[in-house]
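Notes for the one structure printed next.
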Ligand code: CP
Ligand code: NVA
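Residue numbers (my numbering): 10 to 314.
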């Protein structure tokens, strides 16, 4: 029997396969922009399971899958009660009989691993507390579009060492990057993953706590909310802890070069990033958001091959 492919972590793939996804993203982006007839998912269905809120992930997956000829079903936090109303391994086997692919946004990373373990159809990770692989694939595609290359680009991530950082670290195990995570003490990314990504020997990885020196020579400054979904009750306390890590005009000016600004969105303006930086010419946040759709389309096509 053919082994089913999932998209759970970027580091499950080799650099050649990741390049295949990026190259295909470019092709499907051109087709989508022209609204060409392109129906690789004709008569297929995608179940989209959301245990957390979403704007981009829901709309980009649904729009992309339907454009490619398929039907996408939205299942919100109160619809199927994944892990609460019934066992994940049961949902996994039931949907495997109905659908052709599942995209899931869940809290616990172990839940998506469980979903994948029992599924006979591809599972796409649409974010967990641990990582967000589709986002970072769209991000590196966006960097490639803007800079023309990605080799050894200096990406400085400013803020919480969260799921976004974990996916950057996974990518850094496959592509040579110069990746810096600048966060308050106590908010570092997962220690084992940092060690693993350094040991991979592909990229330069640095975890630091001084924003002013971290941004020097940055090609990209990237940030994300200080309190992620599931942590919003900590938002007030985190505001004090993270205040020196705001991406503002002064910080952008310290890089010494023309630096791009990126954010996975949703942004909390004038918290982790100022309105001015979000609206500046160097901000490519909406290119990133658009590219979610194209890169995910490419990922889904590759999984179904
Ligand atoms: N960046 C991202 O995943 O956005 P949503 O939470 O709106 O899906
Ligand atoms: N770190 C954020 C990313 C949102 C796309 C969160 O998990 O809420």
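Yeah, the Cβ is synthetic: ideal placement off N, Cα and C, and Gly gets one too.
Looking only at its chain, what residues have a beta carbon closer than 7 Å to the beta carbon of residue 250, apart from the 5 residues adjacent to it on each side? 193
Nearest-angstrom Cα separation, counted from residue 27 out to residue 19: 8 Å
Beta-ladder partner(s) of residue 231, from DSSP: 166, 271
Give the C-beta separation of residue 269 and residue 155 to the nearest angstrom, bearing in mind that I take them to be a contact with Cβ-Cβ under 8 Å. Right, the Cβ-Cβ distance comes to about 6 Å (below 8 Å), so this counts as a contact.
Over the uninterrupted alpha helix (DSSP H) stretch that includes residue 152, give me the two end residues. 142-156
Mind checking whether the beta-carbon of residue 66 lies closer than 8 Å to any heavy atom of ligand 1? yes
Exposed or buried, which one is residue 247 when buried takes at least 16 other CB atoms within 10 Å? So residue 247 ends up on the buried side.
Could you check if residue 141 belongs to the surroundings of ligand 2, using beta carbon to heavy atom distance under 8 Å? yes
Nearest to residue 271 (by Cα), restricted to the options 185, 148, 242: 148
Where the alpha helix (DSSP H) through residue 133 begins and ends: Looking at the DSSP string, residue 133 is not in any alpha helix (DSSP H); the run it does join, the beta strand (DSSP E), is 132-134.
Residue(s) in a DSSP beta bridge with residue 54: Under DSSP, the beta-bridge partners assigned to residue 54 are 80.
Across which residues does DSSP place residue 282 in a beta bridge pair? 256, 278
At a threshold of 8 Å, does residue 298 count as lining ligand 1 (C-beta to nearest heavy atom)? Yes, Cβ of residue 298 sits closer than 8 Å to a heavy atom of ligand 1.
Would you say the segment 47-57 touches the segment 72-79, given that touching needs at least three Cβ pairs under 8 Å? Using a C-beta cut-off of 8 Å, the segment 47-57 makes contact with the segment 72-79, since at least three inter-stretch Cβ pairs fall below that distance.
Could you tell me how far apart the beta carbons of residue 220 and residue 254 are, in whole angstroms, since I believe they sit closer than 8 Å? Residue 220 to residue 254, Cβ: 6 Å. Contact.
Could you check what DSSP says for residue 292 in three-state terms: helix, strand or coil? strand
What is the DSSP secondary structure of residue 213, reduced to helix, strand or coil? Residue 213: strand per DSSP, three-state reduction.
Would you call residue 138 buried or exposed, if buried means 16 or more other Cβ atoms sit within 10 Å of its Cβ? buried
Using beta-carbon positions only, say whether residue 85 and residue 116 come within less than 9 Å of one another. Not in contact: residue 85 and residue 116 (Cβ atoms no closer than 9 Å).
Please determine whether the Cβ atom of residue 301 lies at a distance below 8 Å from any heavy atom of ligand 4. Ligand 4 is absent from the structure shown, which contains only ligand 1 and ligand 2.
Contact under 9 Å by Cβ, residue 183 with residue 211: yes
For residue 191, which residues does DSSP report across the bridge? Bridge partners of residue 191: 167, 217.
With H, G and I counted as helix, E and B as strand and the rest as coil, what does DSSP make of residue 74? helix
Separation of residue 293 from residue 167, as counted between CA atoms: A straight-line Cα-Cα distance of about 16 Å links residue 167 and residue 293.
Short Cβ contact (9 Å threshold) for residue 37 with residue 22: no
Residue 41 - partner residues in DSSP beta bridges: Answer by DSSP bridge pairing: none, since residue 41 is not bridged.
Look at the Cβ atom of residue 196, then the Cβ atom of residue 169, and state whether they are nearer than 9 Å. yes
Does the segment 65-74 come close enough to the segment 297-306 that 3 or more CB-CB pairs lie under 8 Å? yes
Answer yes or no: the CB of residue 145 versus the heavy atoms of ligand 2, is any distance below 8 Å? no
Taking 8 Å as the cut-off, is the beta-carbon of residue 176 closer than that to any non-hydrogen atom of ligand 1? For ligand 1, not one heavy atom lies less than 8 Å from the Cβ of residue 176.
For residue 232, which residues from the same chain have a beta carbon less than 6 Å from its beta carbon, with the 5 sequence-adjacent residues on both sides left out? Taking residue 232 as the centre and dropping the five residues before and after it, the same chain places the C-beta of 167, 168, 256, 272, 281, 282 closer than 6 Å to its C-beta, in chain order.
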